[in-house]
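The structure under discussion appears below in the form of structure tokens.
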Amino acid sequence: MSKERRLGRGLEALLGRPLYEPPDEPRAGALGPLQLNVYEIDANPFQPRRDVADAAIDELAASIREHGILQPLVVRQTAGRYQLIAGERRLRAAIKAGLASVPVTMRTADDRQVAELALVENLQREDLHALDKAASFRAYLDRYRTTQEDLATRLGIDRSTVANLIRLLELPEGVQQTLRANTISAGHARALLPLGDEREQVAMCQRIARESLSVRATEDLVQQTIHAADAPTLSLVSPGGPPSKPRGARSDQASALAQEFRAALGLKVDVRQAARGRGKLVVYFNSHEDFERLRAHVCGGAAKSKAG
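Numbered according to our numbering, the sequence shown terminates at residue 311, and the numbering increases by one at each position without gaps.
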């Protein structure tokens, strides 16, 4: 089954009806899809794609010149004009190919449906940058004040996919620029998140680019960095006295716990164990955004209700 066909089914599910099904045979009186002037169609305001490669549009335009547009664009009517729901690449390519009009299918959809459709149309495209996907997910969550779980359900994907992409936006601007330039991959970028400290993340990002490290090598190096940073703070604290020397298994357990918290929170974490099961859990945050994310993660619905 082709990617285009899977994508079509996703759009159909959100619209609740087929996008376009050409008849098997010509029928008397069948008019086919509506033709619209290309300049009567406005862009989709919820389009997650920031950039479209000129080479890809040129290639599609060449195909359109030879074969025409095989699948109509999907539009809705707004304020006396038409707004694109699905098919931005086809519209751009049609204009480049010199077409005056394009075939369209009219649909009724509210803003939220259009936003979801734009996400579905682009989600499975390999050339859509991870940061563009992440920004569109974040914008949707902020606009409709919903949860990652709800968005994932509506799009038919795993919640972890949504969470992992959105967390890329927590990385320093310098790391994001390197990722957008494709000097590092999204896998490299995710591996940097447990470091928590922005300076460490930028330094590690520069090392990845300089040494052409693999994602696996980056993950190992990050864990080594975390372990080295945690080592001085993982000693056992004796009540009423100075810290004692680390004691084998308990120190190893504290180190493992600290790394687990780091991976889950994306922030620097210290775990300090004392006698009789007591100790301290210290979480460091670098900004107000970090604090609010941590608060939401720990307090959940209670934090939201108090804020409201």
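Glycine residues also receive a C-beta, built at the ideal position from the N, C-alpha and C atoms. Being a predicted model, the structure only gives us computed values, none of them experimental.
Same chain, Cβ closer than 7 Å to residue i, neighbours up to 5 away in sequence not counted
i	result
P36	Y23, P75, P106, V107, T108
N167	R193
V205	P175, G177, V178
I187	T181, C208, I211, A212
L154	F140, Y143, L144, V165
Contacting residues, own chain, Cβ-Cβ under 8 Å from residue i (five flanking each side not counted)
i	result
R79	Y85, Q86, I88, M109, R110, T111, A112, V117
A103	N40, V41
M207	L195, L198, T221, L224, V225, T228
F288	L270, F294, L297
Q38	S104, V105, P106, V107
Nearest to residue i (by Cα), restricted to the options the options
i	options	result
A267	L158, V41, L297	L297
E295	S104, L270, L158, E119	L270
L171	N125, S163, A184, A192	A192
R219	H300, A189, I60	A189
A59	T181, F140, A100	A100
A138	V165, N185, H291	V165
N47	L73, R115, Q38	R115
R146	Q256, H300, A299, F49	F49
A56	R68, I67, Q38, A96	A96
Alpha carbon of residue i to alpha carbon of residue j, nearest angstrom
i	j	result
L144	L196	21 Å
I160	L122	11 Å
C302	D293	14 Å
D173	V286	The sequence given here places Glu at residue 173; Asp does not occur at that position. Each residue's alpha carbon lies about 16 Å from the other.
T150	P51	19 Å
S3	L63	Given a span of 4 to 311 for the chain in the structure shown, any question on residue 3 remains unanswerable.
A261	A82	55 Å
G243	V274	At G243, the pLDDT of 48 sits below 50, so the modelled position is not reliable; the number obtained from the coordinates is stated separately. Cα to Cα, the separation comes out at about 19 Å.
F264	R213	29 Å
H132	G282	43 Å
A259	V272	11 Å
L198	R141	22 Å
L134	T221	20 Å
Q44	L224	Note on residue identity: the sequence assigns Ile, not Gln, to residue 44. Spanning the two alpha carbons is a distance of roughly 50 Å.
R92	L284	50 Å
G90	V77	7 Å
I72	R202	50 Å
H291	R148	19 Å
R162	L94	32 Å
H230	L120	44 Å
S66	I98	13 Å
Q256	S215	32 Å
A252	N185	Interpretation of A252 is limited by its pLDDT of 48, a score under 50 that renders its predicted location unreliable; the figure taken from the coordinates is listed afterwards. If I take the Cα positions, the gap works out to 41 Å.
R157	R68	36 Å
H70	E124	22 Å
E152	D61	38 Å
Residues bridged to residue i [DSSP beta-bridge criterion]
i	result
A89	V77
P106	Q38
R84	T81
G159	DSSP output for G159 lists no bridge partner at all.
V123	According to DSSP, which records beta bridges pairwise, V123 is partnered with nothing at all.
I44	Y85
Same chain only: Cβ atoms within 6 Å of residue i, ignoring 5 sequence neighbours per side
i	result
R30	Confidence at R30 is low in this model, with a pLDDT of 36, below 50, so the placement of that residue should be treated as unreliable; the coordinate-derived value is given next. Excluding residues within five positions, none has a Cβ falling inside 6 Å.
I169	A137, F140, R141
L126	none
Item to check | beta strand (DSSP E) runs wholly inside the stretch 172-211, at least 3 long, in chain order | outcome: none
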